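Below you'll find the structure, written out as structure tokens, and then a few comments.
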Amino acid sequence: MRFRVLRWIRSDAATGNRQFREDIIQTRRLTIGRGSDQHLQIADPKVFTNHAVIRPGRGREGAMVVEALTPSGVQVNGRTRIVATLAQGDEIRIGPAIIMVEPTPK
């Protein structure tokens, strides 16, 4: 799977413009957590070292699932979940990080 990650770098208070750094990550499973070995590293003490993973789902092509690897789960569209099938527009929150599910470019 191909993941496009935009990391917020800074904002210009005068114009309101935000600057981002774009990374493309090609992997079967996107790991998320505080650990230095995670694809998406979230430096927050409330985030577990290996907190969650986004992986292929079953069924339709391109389906994705977020799976919490901790009992505290992850927030998907404001609800705590252990496992959730993702759709375009879904919002995942892990600690201070917000992950938005966008369509795959054709």
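Per the numbering used here, the very first residue in the sequence shown carries number 7; after that it's consecutive. Built from N, CA and C at the ideal position, the CB exists for glycine as well. All of these numbers come straight from a predicted model, not from anything done at the bench.
Length of the line joining the Cα atoms of residue i and residue j
{"i": "R34", "j": "P62", "result": "7 Å"}
{"i": "T21", "j": "R66", "result": "42 Å"}
{"i": "L12", "j": "L75", "result": "23 Å"}
{"i": "N83", "j": "L36", "result": "19 Å"}
{"i": "N56", "j": "D18", "result": "33 Å"}
{"i": "M7", "j": "R40", "result": "22 Å"}
{"i": "M70", "j": "N23", "result": "31 Å"}
{"i": "F26", "j": "G95", "result": "20 Å"}
Minimum C-alpha distance to residue i - residue among the options
{"i": "L46", "options": "E108, R99, P109", "result": "R99"}
Bridge partner(s) assigned by DSSP for residue i
{"i": "S26", "result": "The sequence as given places Phe at residue 26; Ser does not occur at that position. DSSP output for F26 lists W14 as bridge partner(s)."}
Neighbourhood of residue i by C-beta distance below 7 Å, restricted to the same chain and skipping five residues each side
{"i": "G101", "result": "I48, D50, K52, V53"}
{"i": "M106", "result": "E97"}
{"i": "I15", "result": "Q25, F26, R27"}
Per-residue burial, residue i [other beta carbons within 10 Å of its own, 16 or more giving buried]
{"i": "G79", "result": "buried"}
{"i": "V72", "result": "buried"}
{"i": "A90", "result": "buried"}
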